[in-house]
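To start, the structure itself, in structure tokens.
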Amino acid sequence: MSVPSPLVVTHPLAQIHLTEMRCKETPAERFRWHLHRLAEILFTVASRSLETQTLTVQTPLASTGGHALLRPIILVPILRAGLGLADAIHPLVPQATVAHIGIARDEDTALPRPYYTKLPSHLDEAEVFVLDPMLATGGSACMALQQLKMAGAARLTFISVVSCPQGLEAMQAKHPDVAVITAAIDDGLDDRCYIVPGLGDAGDRCFDT
Ligand code: PRP
Ligand code: URA
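According to our numbering, the stretch in the sequence shown is residues -16 to 192, in order.
Given below as structure tokens:
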């Protein structure tokens, strides 16, 4: 299976946080802490090309040039595990709007089932960052992106912690216009469509369920 080219963040600090998250002995409290630190790094990379407009700012000594973001930012965590990413990223861009999309995989079929959507009206003018730690079959991500495009979103980035070839193939097939940022491309899926080696169920590990 050929893999489209997501941006894999190989920064050593990102990889150290990911390693702690993978370890099955890491308790939820520490899992969340490492997820938050990793989310900060991933968003810093994912936002590197945001367009800015120039402005003039008056320092105590002189006036000088500066920058402001050109477009509003919308963060879209896919419930529930995406909340762990949003909690860490929102303080980096406190002016961002947070939209929510609830999607749960059916435990038998691994097919995504949508159960909640709350979107703002200005998706068409915003930079939209969709957040979900796991890109497994890609079903949940593709469904969320479809919802967002139908509602007008045009500038989309997907941030994940662990991805795999199957999920990336699905994204490339259905949403080739969406940039993917991830900390790892793992080997593949097991017979329950969990990522291997992965880190287990991200929602359960994050929220201790
Ligand atoms: C997990 C994960 C993704 C999805 C990935 O969520 O957070 O949303 O599975 O799998 P996919 O790529 O095959 O669709 P889950 O449905 O388990 O819900 P949860 O976050 O509430 O635990
Ligand atoms: N969802 C998860 O939380 N983990 C996986 O490995 C696959 C889907």
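Just so it is clear, CB atoms sit at the ideal spot from N, CA and C, and this is done for glycine as well.
None of the values given here were measured: they were computed from a predicted structure.
- When secondary structure is reduced to three states using DSSP, Thr2 falls in the helix class.
- The C-alpha of Asp187 is placed about 12 Å away from the C-alpha of Lys7.
- For the beta strand (DSSP E) assignment, the uninterrupted runs of no fewer than 3 residues enclosed by the region 108 to 161 are, from N- to C-terminal side, 110 to 114, 138 to 142.
- Between Leu58 and Ala71, the gap from beta carbon to beta carbon reaches 8 Å or more.
- Environment of the ligand PRP, chain-ordered: Ile61, Leu62, Arg63, Ala64, Gly65, Ile86, Ala87, Arg88, Ala93, Pro95, Asp115, Pro116, Met117, Leu118, Ala119, Thr120, Gly121, Gly122, Ser123, Ala124, Gly150, Cys176, Asp184, Ala185, Gly186, Asp187, taking every residue with Cβ within less than 7 Å of a heavy atom.
- One thing to note: Ala136 has its Cβ within 8 Å of the Cβ of Val111.
- Using a Cβ distance threshold of 8 Å, Thr120 and Ala153 count as a contacting pair.
- In the DSSP assignment, Arg63 falls outside any beta strand (DSSP E) and carries neither an H nor an E.
- Taking all protein chains in view, the Cβ of Pro60 is crowded by 16 or more other Cβ atoms within 10 Å, so the residue is classified as buried.
- Within the region 20 to 76, the complete beta strand (DSSP E) segments of 3 residues or longer fall at 35 to 41, 46 to 52, 56 to 62, listed in chain order.
- Between the region 23 to 37 and the region -13 to -5, the count of Cβ pairs shorter than 8 Å is three or higher; the stretches touch.
- In the displayed model, Ala(-3) falls within a helix according to three-state DSSP.
- Leu182 carries a coil assignment under DSSP once its states are collapsed to helix, strand and coil.
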